[in-house]
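Using my numbering, the first residue of the sequence shown is number 1, and each one after it goes up by one. Ideal Cβ positions, reconstructed from N, Cα and C, are used throughout, including at glycine.
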Amino acid sequence: MSRKSYPNVNAANQYARDVVRGKIVACQFVIQACQRHLDDLMAEKSKSFRYRFDKDLAERAAKFIQLLPHTKGEWAFKRMPITLEPWQLFVICCAFGWVNKGTRLRRFREVYTEIPRKNGKSAISAGVALYCFACDNEFGAEVYSGATTEKQAWEVFRPARLMCKRTPMLTEAFGIEVNASNMNRPEDGARFEPLIGNPGDGSSPHCAVVDEYHEHATDALYTTMLTGMGARRQPLMWAITTAGYNIEGPCYDKRREVIEMLNGSVPNDELFGIIYTVDEGDDWTDPQVLEKANPNIGVSVYREFLLSQQQRAKN
Numbered sequence: 001m002s003r004k005s006y007p008n009v010n011a012a013n014q015y016a017r018d019v020v021r022g023k024i025v026a027c028q029f030v031i032q033a034c035q036r037h038l039d040d041l042m043a044e045k046s047k048s049f050r051y052r053f054d055k056d057l058a059e060r061a062a063k064f065i066q067l068l069p070h071t072k073g074e075w076a077f078k079r080m081p082i083t084l085e086p087w088q089l090f091v092i093c094c095a096f097g098w099v100n101k102g103t104r105l106r107r108f109r110e111v112y113t114e115i116p117r118k119n120g121k122s123a124i125s126a127g128v129a130l131y132c133f134a135c136d137n138e139f140g141a142e143v144y145s146g147a148t149t150e151k152q153a154w155e156v157f158r159p160a161r162l163m164c165k166r167t168p169m170l171t172e173a174f175g176i177e178v179n180a181s182n183m184n185r186p187e188d189g190a191r192f193e194p195l196i197g198n199p200g201d202g203s204s205p206h207c208a209v210v211d212e213y214h215e216h217a218t219d220a221l222y223t224t225m226l227t228g229m230g231a232r233r234q235p236l237m238w239a240i241t242t243a244g245y246n247i248e249g250p251c252y253d254k255r256r257e258v259i260e261m262l263n264g265s266v267p268n269d270e271l272f273g274i275i276y277t278v279d280e281g282d283d284w285t286d287p288q289v290l291e292k293a294n295p296n297i298g299v300s301v302y303r304e305f306l307l308s309q310q311q312r313a314k315n
């Protein structure tokens with residue numbers, strides 16, 4: 001009997017080790033997120049630690065997303081499937097791999113990722129939403145792509161819809177109906193749709209994706225969806241955003257909560273967070289600083305483009 005292999009989990013764990021050892025250039029928040037994961041892997045051996053890392057669940061989620069096709073750019077033109085980069089594998093494997101020891105239900109109810117533009121946000125968010133919609137073992141799952149404007153709400157739903165349209169095996173296997181403005185599964189009433197503004201009182205989200213959270217003036221949508229998850233066994237609030245400028249907004253508050261969790265001042269076992277940025281005191285004219293904030297440099301965002309933008313700023 002052959003042993004199971006976990007290539008995606010192994011890559012995620014290797015990423016964490018390389019970041020902590022300094023082999024990958026990273027800011028303090030990324031280092032702290034990776035160190036937390038490695039520390040928890042050691043702690044799971046203790047009976048007093050409530051969680052364990054389920055490699056099967058982590059690998060399953062990562063594999064599912066990489067069966068989906070790209071929907072933009074040259075990769076979509078070539079009909080290539082998504083390939084998750086090591087940093088993306090780290091986020092996905094942490095989000096879906098950590099579970100409660102007794103129930104095997106997901107540990108993290110909130111996942112916050114902050115990263116600059118053009119680093120593959122929408123594709124990974126669409127993949128997460130589809131996974132929660134189709135094969136997260138939640139009967140009648142409700143999945144929302146939430147935003148304050150119609151344009152933003154469709155930034156995640158549109159690629160997810162295209163992924164389904166271009167993957168007939170997916171829709172057939174899970175009985176998914178793809179409509180103009182929503183997707184549903186008649187067998188159990190599951191649905192996935194964009195949402196502008198607050199969900200209705202009857203909503204019970206299993207997964208809510210909030211893209212570009214920094215554009216939200218208030219926390220009304222985020223809080224309403226989070227509090228509506230009470231009837232779900234393992235709900236997921238997935239927020240992914242670029243850094244904003246509004247220090248009075250809800251995104252800045254969530255960012256501060258993540259930082260306090262990462263540095264240990266305010267522990268939160270059900271929150272996963274990672275922030276890709278530069279460190280205070282970094283020389284922004286140093287080309288290496290670009291790699292700290294842009295883990296997808298050379299993949300979805302061209303190095304030459306970032307260097308030219310950096311040069312423009314210098315001038």
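In the DSSP secondary-structure assignment, residue 100 is bridged to 51. Between residue 238 and residue 138, the alpha-carbon positions lie close to 16 Å from each other. 8 Å or more divides the Cβ of residue 105 from the Cβ of residue 288. Of 145, 23 and 132, the smallest CA-CA separation from residue 291 is found for 23. Selection 143, 208, 128 and 257 evaluated against residue 67 yields 128 as nearest (Cα-Cα). Judged by DSSP secondary structure, residue 141 falls outside any alpha helix (DSSP H); it is assigned neither H nor E. Each of 178, 263, 197 and 256 was checked against the Cα of residue 158, and the nearest Cα belongs to 178.
Cβ-Cβ distances below 7 Å link residue 162 to 71 in the same chain, with the five nearest sequence neighbours on each side left out; the list follows chain order. Secondary structure remark: continuous beta strand (DSSP E) runs of at least 3 residues inside the segment 131–179, in chain order: 142–147. In this chain, the alpha helix (DSSP H) harbouring residue 18 covers 7–21. A distance of 8 Å or more separates the beta carbons of residue 76 and residue 274. Relative to the Cα of residue 149, the nearest Cα in the group 98, 118, 133 and 195 belongs to 195. Distance from residue 205 to residue 144 at the Cβ level is roughly 6 Å; contact confirmed, criterion being Cβ atoms closer than 8 Å. In the structure shown, residue 236 adopts extended strand secondary structure according to DSSP, grouped into three states.
Under the three-state reduction of DSSP, residue 31 is assigned to helix. Excluding its 5 nearest sequence neighbours in each direction, residue 93 has C-beta neighbours in its own chain below 7 Å: 8, 9, 12, 58 and 62, listed in chain order.
A residue is called buried once 16 or more other Cβ atoms fall within 10 Å of its Cβ, and residue 101, having fewer, is exposed.
The beta-carbon distance between residue 226 and residue 108, rounded to whole angstroms, is 13 Å. This is too long to meet the 8 Å contact definition.
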